[in-house]
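Asker: Sharing a structure, written as structure tokens. Questions coming.
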Amino acid sequence: MSDHLLIATRKGLFALERKNSGWASTLIGFEGVAVTNVLSADGVICAALKHGHFGAKLHRSDDDGATWRELAAPAFPADAADAPSLFQIWTMETGGRTHPDRLWIGAIPAGLFRSDDRGESWQFVPSLWNVPERKRWFGGGYDAAGIHSISPDPRDDDRVFLAISCGGVWETTDSGNNWSVLGKGLFAPYVPPEQAEDSAIQDPHRVVRCASAPDVMWMQHHAGIYRSADAGAHWTRLSPPTDDFGFAVAAHPRAAETAWFVPAIKDEIRMPRDGALCVTRTDDGGQSWEIMRHGLPQRDAYDLIYRHGLEVDEAGERLAMGSTTGALWTSDDGGRSWQIVNAHLPPIYAVRFV
Amino acid sequence: MTIKYVMAEIHFTSHLRNLVPDGPLSAAGATVGEALASVLAAQPHVRSYVLDDRGDLRKHVCIFADGERLAHEGALARRIGPDSKLYVMQALSGG
């Protein structure tokens with residue numbers, strides 16, 4: 006199990022280490038500044054900041070957060086259509102084994118950026134921005150659409166899947182030169198009925214894939230939860246016995262039938278039902294579900310788990326979950342019981358095992 | 018001069034279900050703004066949820082007219098036909 010966590014919060018970046026006495030946490034950077042996401046890869050930590058009045062920034066540490074260096078943040082080129090300004094770095098991912106120096110950034114507005122020097126410089130990917138379907142994208146939670154999930158296929162790192170709120174799910178097979186919209190089977194009740202199956206206006210809140218069975222993907226959609234067995238081309242809506250609204254989802258790294266979700270009342274309310282927080286787990290591809298509450302607050306809880314607020318470690322055993330009300334839990338038994346680490350952190354945007 | 022009014026069908030987001038009756042309402046008007054005004058005249062308590070205090074469409078309210086999501090600017094001036102179908106929707110909230 007992984008004994009190290011990074012927690013991106015509204016008020017800074019925290020590092021946690023599991024010791025015999027429990028988790029020890031340290032504020033390792035950006036006190037008071039919103040850290041919208043964090044990425045740790047091969048000894049490098051990248052932290053995405055949102056300075057409110059002063060814009061989105063990117064920092065890098067090569068010494069586990071002891072010191073930080075500001076990098077040039079990705080920027081939309083002046084000649085990009087509609088000339089947007091970077092509002093937020095929403096997600097960062099590595100490029101895969103065959104591109105060890107590559108990083109991807111997904112932003113709000115929904116620009117995709119690629120670095121081939123571990124974040125030192127960034128290239129805007131115009132091909133995705135210029136797809137005609139972009140005219141139909143719109144914001145989900147923010148004024149503009151944004152990219153929050155990026156997943157290179159571990160069998161072929163040039164084949165990259167990504168998800169946009171609200172702009173559907175997309176795939177490139179040539180490292181970003183050409184894009185296809187995927188997502189057959191998704192359904193959007195928040196647009197006029199004749200457009201509900203339009204792939205390019207879907208709001209996938211979060212999409213993750215099984216590391217060892219990369220064709221298997223799980224999606225928490227704005228309206229329902231889905232699973233795909235063909236790398237995002239077709240999706241089947243699942244029917245858990247709980248609310249099927251939420252933001253986060255975690256996929257087991259080896260068991261292709263196992264995933265976790267965190268239900269909340271849909272979609273104008275967005276709180277745990279009856280003030281009782283639970284995590285759901287399926288081990289059979291969504292046919293049956295466990296509703297897991299042990300160690301989670303069962304009254305007066307208004308925690309919501311954001312898109313990047315739930316993660317499973319590489320062993321598939323330890324989970325971490327952070328909430329909008331600043332509570333952080335871990336589970337060492339696949340979610341069946343949870344331990345509170347800290348109930349008083351700033352609002353949590355992202356948790357990541359190191 | 019005779020002003021010819023047409024009746025459009027107007028649907029409201031389920032997020033306003035507590036305020037607006039379920040099902041489409043008939044709306045008279047030659048533009049989106051006129052149709053909306055006719056509905057809001059009958060449902061005055063809904064007005065401030067859809068329009069701001071200057072009478073402009075609220076920033077995170079969006080209108081679809083006959084399948085087209087209207088650009089925010091100019092949405093109320095959009096001309097509609099006798100069989101037009103309007104949807105008053107909202108941006109999706111984040112958390």
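Read top to bottom, the protein sequences are chains Z and Y.
First residue of the first sequence? That's 6 in the working numbering, and the numbers climb one at a time after it.
First residue of the second sequence? That's 18 in the working numbering, and the numbers climb one at a time after it.
C-beta atoms are modelled at their ideal positions from N, C-alpha and C, and glycine is treated no differently.
Going along chain Z, which residues have a C-beta under 9 Å from residue 81 of chain Y?
Answerer: 196, 197 and 200
Asker: At least one CB of chain Z closer than 8 Å to the CB of residue 110 of chain Y: is that the case?
Answerer: Chain Z, which has a Cβ nearer than 8 Å to the Cβ of residue 110 of chain Y, makes this yes.
Asker: On the CB-based measure, 16 or more other CB atoms within 10 Å of its CB, does residue 61 of chain Y come out buried or exposed?
Answerer: With fewer than 16 neighbouring CB atoms inside 10 Å of its own CB, residue 61 of chain Y falls in the exposed class.
Asker: So, with DSSP's three-state summary, where would you put residue 18 of chain Y?
Answerer: A caution first: residue 18 of chain Y carries a pLDDT of 47, below 50, which makes its placement in the model too unreliable to give a value.
Asker: What in chain Y is Cβ-close to residue 273 of chain Z, meaning under 7 Å?
Answerer: Chain Y residues near residue 273 of chain Z: 32.
Asker: Judging by CA-CA distance, which residue of Z:109, Z:161 and Z:132 is the nearest neighbour of residue 153 of chain Z?
Answerer: Z:109
Asker: By how many angstroms is the C-alpha of residue 114 of chain Z removed from the C-alpha of residue 336 of chain Z?
Answerer: 34 Å
Asker: With 16 as the cutoff for other CB atoms within 10 Å, does residue 90 of chain Y come out buried or exposed?
Answerer: Under this definition residue 90 of chain Y is an exposed residue.
Asker: Can you list, in chain order, the residues of its chain whose CB lies under 8 Å from that of residue 129 of chain Y, leaving out five sequence neighbours each side?
Answerer: The structure shown does not extend to residue 129 of chain Y, since chain Y spans only 18 to 112, so no value can be given for it.
Asker: So which of Y:32, Y:103, Y:76 and Y:33 has the shortest CA-CA distance to residue 48 of chain Y?
Answerer: Y:103
Asker: Is residue 78 of chain Y closer than 8 Å to residue 105 of chain Y when the C-beta atoms are compared?
Answerer: yes
Asker: Whose C-beta lies closer than 7 Å to the C-beta of residue 160 of chain Z among residues of the same chain, with five residues either side of it excluded?
Answerer: Result list for residue 160 of chain Z: 219, in chain order.
Asker: In angstroms with no decimal places, state the Cα-to-Cα distance between residue 165 of chain Z and residue 104 of chain Z.
Answerer: 12 Å
Asker: Just to confirm the assignment: which complete beta strand (DSSP E) runs, minimum length 3, are found wholly within the region 46-105 of chain Y?
Answerer: The qualifying runs are 78-82.
Asker: Relative to the C-alpha of residue 190 of chain Z, which residue among Z:242, Z:180 and Z:225 is closest?
Answerer: Z:242
Asker: Spell out whether any CB of chain C is found under 8 Å from the CB atom of residue 57 of chain Z.
Answerer: Given the protein chain composition of this structure (Z and Y), no chain C is represented.
Asker: With DSSP collapsed to three states, give me the class of residue 59 of chain Z.
Answerer: It is helical.
Asker: How would you list, in chain order, the residues of chain Y whose beta-carbon sits under 8 Å from the beta-carbon of residue 171 of chain Z?
Answerer: 109
Asker: Rounded to the nearest angstrom, how far is the Cβ of residue 227 of chain Z from that of residue 36 of chain Y, given a contact under 8 Å?
Answerer: No, residue 227 of chain Z and residue 36 of chain Y are not in contact; Cβ-Cβ is about 22 Å, not under 8 Å.
Asker: Around the C-beta of residue 74 of chain Z, are 16 or more other C-beta atoms found within 10 angstroms, so that it is buried, or is it exposed?
Answerer: exposed
Asker: Quick check: the region 177-192 of chain Z against the region 283-293 of chain Z, are at least 3 beta-carbon pairs closer than 8 Å?
Answerer: no
Asker: Quick one: complete beta strand (DSSP E) runs, 3+ long, within the region 105-149 of chain Z?
Answerer: 108-113 and 117-120
Asker: Show which residues of chain Z have a CB atom less than 7 Å away from the CB atom of residue 104 of chain Y.
Answerer: 197
Asker: Taking Cβ-Cβ distances below 9 Å as the criterion, which residues of the region 142-160 of chain Z are in contact with chain Y?
Answerer: Those residues of the region 142-160 of chain Z placed with their C-beta closer than 9 Å to a C-beta in chain Y are 143, 144, 145, 146, 147 and 148, ordered along the chain.
Asker: Can we count residue 90 of chain Z as close to the ligand NAD, meaning its CB is less than 7 Å from some heavy atom?
Answerer: The ligand NAD is not part of this structure, which contains no ligands at all.
Asker: As a quick exercise: from Z:59, Z:45, Z:89 and Z:62, pick the residue whose alpha carbon is nearest that of residue 68 of chain Z.
Answerer: Z:45
Asker: Out of Z:348, Z:258 and Z:294, point me to the one whose CA is closest to residue 321 of chain Z's CA.
Answerer: Z:258
Asker: Along chain Z, in chain order, which residues have C-beta atoms closer than 9 Å to that of residue 84 of chain Y?
Answerer: 197, 199 and 200
Asker: With distances taken between CB atoms, is the gap from residue 264 of chain Z to residue 253 of chain Z smaller than 8 Å?
Answerer: The Cβ atoms of residue 264 of chain Z and residue 253 of chain Z lie no closer than 8 Å to each other.
Asker: So residue 208 of chain Z contacts chain Y; which residues on that side make the cut at Cβ distance below 7 Å?
Answerer: 109
Asker: Less than 8 Å separating the beta-carbons of residue 266 of chain Z and residue 230 of chain Z?
Answerer: The answer is yes: Cβ separation under 8 Å.
Asker: Name the residues in the region 216-231 of chain Z whose C-beta lies less than 7 Å from a C-beta of chain Y; which are they?
Answerer: Those would be 227, in chain order.
Asker: Looking at the strands, I want to know which residues DSSP matches up with residue 51 of chain Z.
Answerer: Z:44 and Z:65
Asker: Spatial neighbours of residue 323 of chain Z within its chain, please: C-beta separation below 8 Å, excluding the five flanking residues on both sides.
Answerer: 6, 7, 317, 335, 336, 337 and 358
Asker: Where do the N-terminal and C-terminal ends of the beta strand (DSSP E) with residue 229 of chain Z fall, by residue?
Answerer: 229-233
Asker: May I have the straight-line CA-CA distance separating residue 360 of chain Z from residue 87 of chain Y, to the nearest angstrom?
Answerer: Because chain Z spans 6 through 359 in this model, residue 360 of chain Z falls outside it and cannot be assessed.
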